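*Asks:* Mind having a look at this structure? Questions to follow.
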Amino acid sequence: MINKELEHKENLHLFKTFCSFLCLTKNKKYNMANILLLYLQEKEVRSLFKCILSVDTDFESIRLFLEFDPTLYKSKYIMKYLNSNKKKITLK
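One gets this note's numbering by counting positions in the sequence shown from 1 and adding 34 to each.
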């Protein structure tokens, strides 16, 4: 029980730290929709995110984003990006 709680807190800290780092390096606001868009658009960001959070697949990574902010799927920016790139997006 305690180990699960500590693991969750550590993952949350790593997730927030990565998001802050990404916002600083890309000169963006700390907005989860912006961060998820950067994640979807840039392969290097995806690989860095998976490495830092010790995640194996993009599905798990996106699940982490949705666990942190369950309303992300409602973002008009994300939906617009996904709809305009239906055939181009390849997550591995």
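Note that CB positions come from ideal geometry on N, CA and C, so glycine has one too. Note that the structure is a prediction, hence the values are computed from the model and not measured.
Val79: which of Arg97, Leu100 and Cys57 sits nearest, CA to CA?
*Replies:* Cys57
*Asks:* Look at the Cβ atom of Cys53, then the Cβ atom of Met66, and state whether they are nearer than 9 angstroms.
*Replies:* yes
*Asks:* Going residue by residue through the region 37–103, where are the continuous alpha helix (DSSP H) segments of at least 4 residues, counting only ones entirely within it?
*Replies:* 66–75, 77–86 and 92–102
*Asks:* So the candidates are Ser81, Leu70, Arg97 and Leu48; which of them puts its Cα closest to the Cα of Leu116?
*Replies:* Leu70
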